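For reference, the structure is listed below as structure tokens.
Protein chains: 2
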Amino acid sequence: MIKARIVVTLKNGVLDPQGKAIGGALGHLGFDGVDEVRQGKVFDLQLDGDDKTATEKRLSEMCEKLLANTVIENYTISID
Amino acid sequence: MIKARIVVTLKNGVLDPQGKAIGGALGHLGFDGVDEVRQGKVFDLQLDGDDKTATEKRLSEMCEKLLANTVIENYTISID
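Set out below in structure tokens:
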């Protein structure tokens, strides 16, 4: 069993309306000094097998095919 | 300027239909051996100031008030 975490975030320069809305909401709640908020996704996976190298390669394929829109998003993979 | 990352994930035992759907989709794409997928949110923030302790306290308040539903979600805060 392998545990892995994938974090998908917007590339720099890509507009993040959701992040902007959250930043605004934080301001309305009285949290000043928040310059920027950018929201992304995190996936925690449990996978069969124990070959970390092979698993990392498969996780990358999963990102390329489904979990990330690589035109506008970056992804990082970390394996426990 | 302080940079921080907040990761919000579902508590153990809380059903994650989105994660289940993603796991199913990965299976249809030919990725077998994926036992579990759980999806969460990540927030990257840039904040004024340089007092990390005070900032961590404010970030925790932000989570409690807006960024996380603490009934069903956990959050972790990491400051660069």
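Order-wise, the sequence lines are chains D and Y.
For the first sequence, the tail end lands on 80 under the UniProt record's numbering, and the numbers increase by one without skipping.
For the second sequence, the tail end lands on 80 under the UniProt record's numbering, and the numbers increase by one without skipping.
Every residue, glycine too, gets a C-beta built ideally from N, C-alpha and C.
Everything numeric in this text was worked out from a predicted model, so none of it was measured.
Looking at chain D, is there any beta carbon in it that lies within less than 9 Å of the beta carbon of Val14 (chain Y)? no
Counting beta carbon pairs with one atom in the region 40 to 47 of chain D and one in the region 30 to 46 of chain Y, are three or more of them shorter than 8 Å? yes
Use the C-beta contact count for Thr55 (chain D): other C-beta atoms within 10 angstroms, 16 or more gives buried, fewer gives exposed. buried
Select from the region 27 to 60 of chain Y all residues with a C-beta closer than 7 Å to any C-beta belonging to chain D, and list them in chain order. Leu29, Phe31, Gly33, Val34, Asp35, Glu36, Val37, Arg38, Gln39, Gly40, Lys41, Val42, Phe43, Asp44, Leu45, Gln46, Leu47, Asp48, Gly49, Arg58
Need the endpoints of the alpha helix (DSSP H) that Leu45 (chain Y) sits in, please. First-last for Leu45 (chain Y): 34 to 47, but that is the beta strand (DSSP E), not the alpha helix (DSSP H).
I want to verify the contact list: residues of chain D whose CB lies under 8 Å from the CB of Ala68 (chain Y), in sequence order. The premise fails here: Ala68 (chain Y) is roughly 12 Å from chain D at the closest Cβ pair, so nothing lies under 8 Å.
Using a Cβ cut-off of 9 Å (strictly closer), state whether Ile22 (chain Y) contacts chain D. yes
Pick from Y:Leu47, Y:His28, Y:Ala4 that is closest to Phe31 (chain D), judged by C-alpha positions: Y:Leu47
Alpha carbon of Glu64 (chain D) to alpha carbon of Glu73 (chain Y), nearest angstrom: 28 Å
Could you give the DSSP three-state label for Ala4 (chain Y): helix, strand or coil? strand
Burial state of Ala4 (chain Y), where buried means 16 or more other Cβ atoms lie within 10 Å: buried
Is the Cβ-Cβ distance between Gly49 (chain Y) and Met1 (chain Y) less than 9 Å? yes
With a CB to CB cut of under 8 Å and the five nearest residues on each side skipped, what residues in its chain are close to Lys11 (chain D)? Ile72, Glu73, Asn74
May I have the straight-line CA-CA distance separating Thr9 (chain D) from Asp16 (chain D), to the nearest angstrom? 10 Å
How would you call Leu26 (chain D), buried or exposed, if buried means at least 16 neighbouring beta carbons within 10 angstroms? buried
Please state whether the Cβ-Cβ distance between Leu59 (chain D) and Ile77 (chain D) is less than 9 Å. yes
Below 7 Å CB to CB, which residues in the same chain sit around Thr70 (chain Y) once its five sequence neighbours on both sides are set aside? Glu64
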